[in-house]
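The sequence shown begins at 114 in my numbering and counts up by one.
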Amino acid sequence: MIRAATLAMTLFCSAAVNAQEDPFGFMPDGGRGSFELVFADAAERAWALDQVKTVGEWQDVIAARTPELGQAARETLAAYLSVIAPLAGGPSVTLPLDGRDIALAQCMSCHSLFTGYLMQRRDRTAWLSTFASPFHQVIELTPDEREIFADYSAINMPMRPEEVPPALRY
114 MIRAATLAMT
124 LFCSAAVNAQ
134 EDPFGFMPDG
144 GRGSFELVFA
154 DAAERAWALD
164 QVKTVGEWQD
174 VIAARTPELG
184 QAARETLAAY
194 LSVIAPLAGG
204 PSVTLPLDGR
214 DIALAQCMSC
224 HSLFTGYLMQ
234 RRDRTAWLST
244 FASPFHQVIE
254 LTPDEREIFA
264 DYSAINMPMR
274 PEEVPPALRY
């Protein structure tokens, strides 16, 4: 019970802090933030980064550890871990970019974030197929990064317009 209350308060506070510090804090976490909440200490992180699991297996682990974490956050973290783990370097390793990071770093240089990304509904295959177009082929992403982006986008997009700050709705 205490762990659940602590996690709930941490999620609430981190969302509030992110919204104040990060102009894109309204976007769902891409996996890295949830990773630190689900695997709270160095030993847990080392264990997680040493595992080879399917998305479904990761979902079971995450749900058992933090049942109060929302479904989309669980799915996003499970998809992220299924691509990046095992990861050498131990618990202090810098985690690879997650789907949110990739979307912000790559999509906004050409597209309106609101109409070109946040409001798009596509499945994983359709998001992956965007990289087949000539103008997307030049984006320097590894196959793993493309998978991470596609998983994140399929799970978390489209957002509801009211979830996006008015200044970014264009």
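The beta-carbon is built from N, C-alpha and C at its ideal position, and this holds for glycine as well.
Item: Candidates ARG145, ALA201, GLY138, VAL151, of which the one nearest GLU181 by Cα; Value: VAL151
Item: Supposed close pair GLN233, MET270 - CB separation, criterion 8 angstroms; Value: 6 angstroms
Item: The alpha helix (DSSP H) enclosing MET147, as first and last residue numbers; Value: Here residue 147 turns out to be Ser, not Met, going by the sequence shown. First-last of the alpha helix (DSSP H) with SER147: 145 to 151.
Item: Of the residues ALA177, GLY203, PRO204, the one placed nearest ALA191, counting alpha carbons only; Value: ALA177
Item: Under 8 angstroms between C-beta atoms of PRO199 and ASP163; Value: yes
Item: Contact check, THR189 vs GLY144, beta carbons under 8 angstroms; Value: yes
Item: First through last residue of the alpha helix (DSSP H) which encompasses ILE261; Value: 256 to 269
Item: Rounded straight-line distance, which links the Cα of THR243 to that of HIS249; Value: 7 angstroms
Item: Secondary structure of MET272, DSSP reduced to three states; Value: coil
Item: 8 angstroms CB neighbourhood of ARG259 in its chain, flanking five on each side removed; Value: LEU241, PHE244
Item: Pairwise C-alpha distance: ALA185 and ILE268; Value: 6 angstroms
Item: Proximity below 8 angstroms, CB of PHE262 to CB of GLY212; Value: yes
Item: Close beta carbons around ALA159, own chain, < 7 angstroms, minus the five adjacent residues each side; Value: GLY203, PRO204
Item: Per-residue burial, VAL196 [other beta carbons within 10 Å of its own, 16 or more giving buried]; Value: buried
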